[in-house]
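Asker: So the sequences go chain by chain: A and B. Going by the numbering used here, the first sequence runs without a break in its numbering and finishes at 418. Going by the numbering used here, the second sequence runs without a break in its numbering and finishes at 836. Backbone N, C-alpha and C fix where the C-beta goes; we use that ideal spot for every residue, glycine too. These numbers come from a predicted model, not from an experiment. This structure is in structure tokens; I'll ask about it shortly.
There are 2 protein chains.
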Amino acid sequence: MKINKELLQMAKRVRQASIILANISSREKNAALEKMADELETNAEKIKKENKKDLEEAKKSGLSSALIDRLTLNEKRIADMCEALRNIAALDDPIGKIERMWKRPNGLLMGKMVVPLGVIGIIYEARPNVTVDTAGLCLKAGNTVILRGGSEAIRSNSCLVDILTHALKNTAIPEDSIQLIRDTSRQIVNEMLTLDDYIDVIIPRGGESLIKAVSKNSTIPVIKHYKGVCHTFVDSEANLNMAERICFNAKVQRPGVCNAMETLLVDKTIAKSFLPGMLQRFQEAGVEIRGDERVREIVSGVKAATEEDWFTEYLDLILSVRVVEGLKEAISHINFYGSHHSDAIVTENYSKAKKFLQEVDSAAVYVNASTRFTDGGEFGMGAEIGISTQKLHARGPMGIEELTSRKFIILGEGQIRE
Amino acid sequence: MKINKELLQMAKRVRQASIILANISSREKNAALEKMADELETNAEKIKKENKKDLEEAKKSGLSSALIDRLTLNEKRIADMCEALRNIAALDDPIGKIERMWKRPNGLLMGKMVVPLGVIGIIYEARPNVTVDTAGLCLKAGNTVILRGGSEAIRSNSCLVDILTHALKNTAIPEDSIQLIRDTSRQIVNEMLTLDDYIDVIIPRGGESLIKAVSKNSTIPVIKHYKGVCHTFVDSEANLNMAERICFNAKVQRPGVCNAMETLLVDKTIAKSFLPGMLQRFQEAGVEIRGDERVREIVSGVKAATEEDWFTEYLDLILSVRVVEGLKEAISHINFYGSHHSDAIVTENYSKAKKFLQEVDSAAVYVNASTRFTDGGEFGMGAEIGISTQKLHARGPMGIEELTSRKFIILGEGQIRE
């Protein structure tokens, strides 16, 4: 593939910067992050002005109000971005730590040192705050970053990256450490995905078509951030009040996110006592219910769920509901139809809780809590770059630790191999 | 892409088996591994007979003696494979361990549980022992495996996999857990690389063209096992006797492997005292030297190294040698020309050793030892599936631990998100 010259130059610069950034101190990195926050604050008016242009364009082209909301940068959101950078500065720096050391019989002393990944490429939707958050997280973990945001946010992102880059002047972090691809064509993404000599990992955040296209075209290792078809299973031995509270929270508190519940599974022995009240509460909250045969026998007026429903991430006030024979069927359903993201059981039975934790093959498996907690902040990671839905390298919320690699260090005194 | 029906069926079976295997006990896995070793032993004659057919074919088609040696299975090598399986059975089982647990302010108790990766696809050269070693390691870590070995070893591999599969009868491990692709066409590999619904990770072991092709065509995450362009830097403050011993071992003890030294870097201040004796010793051992200008000024009759030489993995008795200004130039050379595999410094200077460990961006960085130690066994991992040359997921020798993933488990008592 022929690579755009400008892109290639950018990739070379960001790689070069990564070699410097890998070896600067935490103190220097933190000072630069603080500087970035300060300059965003100072330039808030400029940011809002550029963002307004994106918003006008978006309205003209008929973007949905949900997407326009995500695109919007107001005073509060700019302040949040600055706070995020300062929080990242305050986080522990993993780089250079020796995870463990051990001694071999021949006297070699060995250790595993935490090192940056190198250059991280991020492909994301039209949310300008992601530009700032991910740049901050990558830099703190000693990585440089090459950003490709949604075209609807191009003016906002350009403005943000210009400010961040300017802030790096007179800090120890090279200005080239944050690069934004300003060409909004699709072709440039395909070219970016072949730059395995310069980029160490690609993190795509977005819908199915983006994830599929990136996996297919990338010669760079990919960490997928894909969908969440999350389940709650209400066991026969659940505390039903707790179950209702958890299910309602998992579906309704914020339905548009990947850790919201999409399918409710209910044990047949408590279906009759649990479902009528639960589904009424959902319907009062505006949730459309799609049930299997047995659900529709218990509660009238419920729409029939199709096979497709069990695979679907609604991201909306829609819920599919199924009555199952018991724990075993619940686990099979989750492992087969789910997306291996976040799944919960509500039960007071110890053995069933243990079996569910063991056998559900998901990034986050819950007992007696809402799936909505799957989030770097809620897990205590300080900040997250996203939620990985693959098993390789990082699974579940990715914080700073997940943006690092390791190297072996070996301290000898003349050892040779016999 | 149209997928071969048989391959698709195989992939479905191996995925189904992985769900069962993920949840069987260490004791059951170990019993199955012992059974596999026993049956290989019992069938040694049969294995040698099938291997002989591969060898005859290989000789006819003019395979090099080195490759024929790798392909050969004799009494000793069959015994070694059995021993390897028993050693793997004796290793600690990582699956199901909780790495750490922590408590959140809202009372949620969280843990990180070690789980299998799932289904592992391995593409490798014509070394039948890899068939047995990798199958053993994958199973022990709770993964099922789909193998694609070199076509030259097809009869040996088929025989080995038949025996291993038969051994699994009447054990807790499903027979479908070990699958061999017996179609030796290239096309089938391309089809295999698109089965991301069934295979969780692809490990290619081989030369540049294989690695490139797999990276390009795979929609499954890949862990590359690529080349080793390894360096030793002899610092101005090295113990020169130790340096000579280490360099000689790193180059000559087994030149055909990825952790052998390919380039020797020497500080200019000791070049005159060190190089003549060192290079003479190499030449006496049959090593061809390719030097830069300064090397050729010091030692006569040395061939000139080209720019290409610095990038080359010879895997042979050839060594490129360069005189450098000092530590800084040595590190730059290694990070630029090397393959980020294994690199060593020989020095008595504390600060230079520390800087080298810090700044050399390789999977294994040594002070005062031979690079030949980069190996799962030598590092204390018990056994290895290979040596990863990428930064994602696993870097350097990969043992059982590296064949696992994690999941978060979250224990609540009714927590919901506010």
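Determine the chain B residues that contact Pro128 of chain A at a beta-carbon separation under 9 Å, and present them in chain order.
Answerer: By Cβ distance, chain B contributes nothing, its closest Cβ being about 25 Å from Pro128 of chain A, past 9 Å.
Asker: I'd like to know if Thr374 of chain A contacts chain B, where contact means its C-beta is closer than 9 Å to some C-beta of that chain.
Answerer: Yes, its Cβ sits closer than 9 Å to a Cβ of chain B.
Asker: Hey, quick one: how far does the alpha helix (DSSP H) through Thr134 of chain A stretch, first residue to last?
Answerer: 128 to 140 is the extent of the alpha helix (DSSP H) around Thr134 of chain A.
Asker: Check the Cβ-Cβ distances between Leu411 of chain A and every residue of chain B, and say whether any is below 9 Å.
Answerer: Chain B, which has a Cβ nearer than 9 Å to the Cβ of Leu411 of chain A, makes this yes.
Asker: Are the CB atoms of Ile506 of chain B and Ile538 of chain B nearer to each other than 9 Å?
Answerer: Contact: no.
Asker: Under the three-state reduction of DSSP, which class applies to Ala689 of chain B: helix, strand or coil?
Answerer: The answer is helix: DSSP assigns Ala689 of chain B an H, G or I state.
Asker: Let me see if you follow: with CB-CB separation under 9 Å, is Ala781 of chain B close to chain A or not?
Answerer: Chain A contact via Cβ: present.
Asker: Would you decide whether Arg290 of chain A is buried or exposed? Buried here means 16 or more other CB atoms lie within 10 Å of its CB.
Answerer: By the neighbour-count rule (16 or more Cβ atoms within 10 Å), Arg290 of chain A is buried.
Asker: What is the residue span of the beta strand (DSSP E) that Ala781 of chain B lies within?
Answerer: Per DSSP, Ala781 of chain B belongs to no beta strand (DSSP E) and is neither H nor E.
Asker: Have a look at the DSSP bridge pairing and note the partners of Asp343 of chain A.
Answerer: In DSSP, Asp343 of chain A forms a bridge with A:His231, A:Val365.
Asker: What does Phe700 of chain B reach in chain A if we use C-beta pairs closer than 7 Å?
Answerer: By Cβ distance, chain A contributes nothing, its closest Cβ being about 15 Å from Phe700 of chain B, past 7 Å.
Asker: Answer with yes or no whether the minimum CB distance from Arg27 of chain A to chain B is below 9 Å.
Answerer: Chain B, which has no Cβ nearer than 9 Å to the Cβ of Arg27 of chain A, makes this no.
Asker: Over the uninterrupted alpha helix (DSSP H) stretch that includes Thr460 of chain B, give me the two end residues.
Answerer: Thr460 of chain B -> alpha helix (DSSP H) spans 444 to 460.
Asker: For Thr134 of chain A versus Pro174 of chain A, is the C-beta spacing smaller than 9 Å?
Answerer: Against a cut-off of 9 Å, the Cβ pair of Pro174 of chain A and Thr134 of chain A comes out as no contact.
Asker: Does Ser215 of chain A come within less than 9 Å of chain B when only Cβ atoms are used?
Answerer: So yes, Ser215 of chain A belongs to the interface.
Asker: Per DSSP, His225 of chain A is paired with what?
Answerer: A:Arg205, per the DSSP bridge assignment.
Asker: With 9 Å as the C-beta to C-beta threshold (strictly closer), list the residues of the region 425 to 439 of chain B near chain A in chain order.
Answerer: Result list: Ile437.
Asker: Using DSSP with H/G/I as helix, E/B as strand and the rest coil, what is Thr612 of chain B?
Answerer: If DSSP states are grouped into helix, strand and coil, Thr612 of chain B belongs with coil.
Asker: Please report the distance separating the alpha-carbon of Gly554 of chain B from that of Gly567 of chain B.
Answerer: Gly554 of chain B and Gly567 of chain B: Cα-Cα distance of roughly 15 Å.
Asker: Under a three-way DSSP split, which group does Ser823 of chain B fall into?
Answerer: Strand at Ser823 of chain B.
Asker: Residues of chain B with CB under 7 Å from Lys391 of chain A, in chain order?
Answerer: In chain order: Leu535, Gly536, Asp618, Ser823.
Asker: What residues in its chain sit with their C-beta under 8 Å from that of Met10 of chain A, if we drop five residues either side in the sequence?
Answerer: Hits under 8 Å: Ile146, Gln179, Ile181.
Asker: In the region 653 to 670 of chain B, which residues sit with their C-beta less than 7 Å from some C-beta in chain A, listed in chain order?
Answerer: Going along the region 653 to 670 of chain B in chain order, one finds Met660, Arg663, Ile664, Asn667 with a Cβ nearer than 7 Å to chain A.
Asker: Which of the three DSSP states is assigned to Thr263 of chain A in this structure?
Answerer: DSSP places Thr263 of chain A in strand when its eight states are reduced to three.
Asker: Would you mind sorting Phe336 of chain A into buried or exposed? The rule is 16 or more other CB atoms within 10 Å of its CB.
Answerer: Counting Cβ neighbours within 10 Å, Phe336 of chain A comes out exposed, since fewer than 16 surround it.
Asker: Would you mind reading off the limits of the beta strand (DSSP E) that contains Leu319 of chain A?
Answerer: From DSSP, the beta strand (DSSP E) with Leu319 of chain A extends over 318 to 324.
Asker: What's the C-alpha gap between Asn448 of chain B and Ala508 of chain B?
Answerer: The alpha-carbon atoms of Asn448 of chain B and Ala508 of chain B are separated by roughly 7 Å.
Asker: Check the Cβ-Cβ distances between Trp520 of chain B and every residue of chain A, and say whether any is below 9 Å.
Answerer: It does; some Cβ of chain A falls within 9 Å.
Asker: When we look at the beta-carbon of Arg790 of chain B and count the other beta-carbons within 10 Å, is it buried (16 or more) or exposed?
Answerer: When all chains shown are included, Arg790 of chain B counts as buried.
Asker: At the 9 Å Cβ level, is Asp510 of chain B part of the contact set with chain A, yes or no?
Answerer: No - not a single Cβ of chain A is within 9 Å of the one on Asp510 of chain B.
Asker: Tell me the DSSP bridge mates of Ala722 of chain B?
Answerer: B:Gly709, per the DSSP bridge assignment.
Asker: Should Gln280 of chain A go down as buried or exposed, given a rule of 16 or more other Cβ atoms within 10 Å for buried?
Answerer: With fewer than 16 other Cβ atoms within 10 Å, it is exposed.
Asker: Is Leu276 of chain A helix, strand or coil when you go by DSSP?
Answerer: According to the sequence as given, residue 276 of chain A is Pro; it is not Leu. If DSSP states are grouped into helix, strand and coil, Pro276 of chain A belongs with the helices.
Asker: If we count Cβ pairs, one from each stretch, closer than 8 Å, do we get three or more for the region 663 to 673 of chain B versus the region 779 to 795 of chain B?
Answerer: Yes, the region 663 to 673 of chain B is in contact with the region 779 to 795 of chain B.
Asker: What in chain A is Cβ-close to Gly832 of chain B, meaning under 8 Å?
Answerer: Within 8 Å Cβ-Cβ: Asn239, Met242, Arg245, Ile246, Asn368, Ala369.
Asker: Which residue comes first and which comes last in the alpha helix (DSSP H) that contains Lys103 of chain A?
Answerer: Per DSSP, Lys103 of chain A belongs to no alpha helix (DSSP H); it is in the beta strand (DSSP E), 98 to 103.
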